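Undergrad:
In the working numbering, the protein residues as written are 2 to 261.
Below, the structure written as structure tokens:
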């Protein structure tokens, strides 16, 4: 595994940079060319309003848990270009590149290879991933973040006797885990078990815990200051209980049998 990552680092010569640059241009350009300019569902409306109008979790812009990391990334592009639909497509294009990078690292193949080209083409032309890349939702970026986090944790763990625990990869993975909680909270279970295994294998797990706490604080503290602690708690309680007992489909209701 170490040899694969070393190979990936050593091949960052001009031709490799050009290949990745072309991939970024293709992913972002294609998603921009197919940008949707209408609201698909209530959740998309909430995310669009959070970027174009005001970030307000209490007003369901967006709904709890607020997705502050995703909002910040989308706002980063909306501020200079002034188009929320284009901003979400740019984020989707970059998320596609990030997903490809993470999958290549998990598979252990470079971009400029037969396997790498096949994987890249599969992800790039996937109808599901293409549609996710233009939606006003954090799903694709959250998926990419989870895959990259898993790749970093896999890099950190010594899979062979000759390998050592990679603290830098572990720290990067823990940082992304903390950010993933603010990006797409429901995807966090995907990386929890690998994160615990990394903590167990580390010689200084307390440092990794500190890094994780800091990466959560980066988005949670501003969110609390902006929303207010008790307002945020009320929104969390209302959305969580509602999701599992009312509008989320967790409560069974008798279907009406009267017609006419």
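Ideal Cβ positions, reconstructed from N, Cα and C, are used throughout, including at glycine.
Just so it is clear, the structure is predicted and the values come from calculations on it, not from any experiment.
1) Check the DSSP bridge columns for residue 57 and list the partner residues they point to.
2) With respect to the alpha helix (DSSP H) encompassing residue 42, which residues constitute its N-terminal and C-terminal limits?
3) Thinking just about the alpha-carbon of each residue, which of 231, 149, 237, 79 is nearest to the one in residue 99?
4) Are residue 135 and residue 36 close, meaning C-beta to C-beta below 7 Å?
5) Using a threshold of 7 Å, state whether the C-beta atoms of residue 188 and residue 48 are closer than that.
6) How long is the line joining the alpha carbons of residue 182 and residue 108, rounded to whole angstroms?
7) Should the stretch 139-148 be regarded as contacting the stretch 184-198, the criterion being three or more beta carbon pairs within less than 8 Å?
8) Could you tell me the alpha carbon to alpha carbon distance between residue 19 and residue 60, rounded to whole angstroms?
9) Flag this pair as yes or no: are the beta carbons of residue 217 and residue 243 separated by less than 7 Å?
10) Return helix, strand or coil for residue 204, following the three-state DSSP convention.
11) Given this structure, state the Cα-to-Cα distance separating residue 94 from residue 33, to the nearest angstrom.
12) From the DSSP output, in three-state form, read off residue 139 for me.
TA: In this structure, then:
1) Here residue 57 refers to the residue found at position 56 when the chain shown is read from its first residue. Partner(s): 62.
2) To locate residue 42, count along the chain shown from 1; it is residue 41. Note, residue 42: premise wrong, no alpha helix (DSSP H); not H, not E.
3) For the purposes of this step, residue 99 is taken as the residue at position 98 of the chain shown. With distances taken between Cα atoms, residue 99 lies closest to 149.
4) Here residue 135 is taken as the residue at index 134 of the chain shown, counted from 1. Here residue 36 is taken as the residue at index 35 of the chain shown, counted from 1. In terms of Cβ geometry, residue 135 and residue 36 form a close pair [threshold 7 Å].
5) Sequence index remark: in the chain shown, residue 188 carries index 187 (1-based). Sequence index remark: in the chain shown, residue 48 carries index 47 (1-based). No, Cβ-Cβ distance for residue 188 and residue 48 is not below 7 Å.
6) As a first step, residue 182 must be located in the chain shown, where it is residue number 181. As a first step, residue 108 must be located in the chain shown, where it is residue number 107. Taking the straight line joining both Cα atoms gives about 25 Å.
7) yes
8) Residue numbering aside, residue 19 sits at position 18 when the chain shown is read from its first letter. Residue numbering aside, residue 60 sits at position 59 when the chain shown is read from its first letter. Rounded to the nearest angstrom, the two C-alpha atoms are 44 Å apart.
9) Mapped onto the chain shown, residue 217 falls at position 216. Mapped onto the chain shown, residue 243 falls at position 242. At a Cβ-Cβ threshold of 7 Å, residue 217 and residue 243 do not count as neighbours.
10) Residue 204 sits at position 203 when you count from the first residue of the chain shown. Note: residue 204 maps to coil in three-state DSSP.
11) Counted from its first residue, the chain shown places residue 94 at position 93. Counted from its first residue, the chain shown places residue 33 at position 32. One C-alpha to the other measures close to 8 Å.
12) Along the chain shown, one-based indexing puts residue 139 at 138. In this structure, residue 139 counts as coil in the three-state DSSP scheme.
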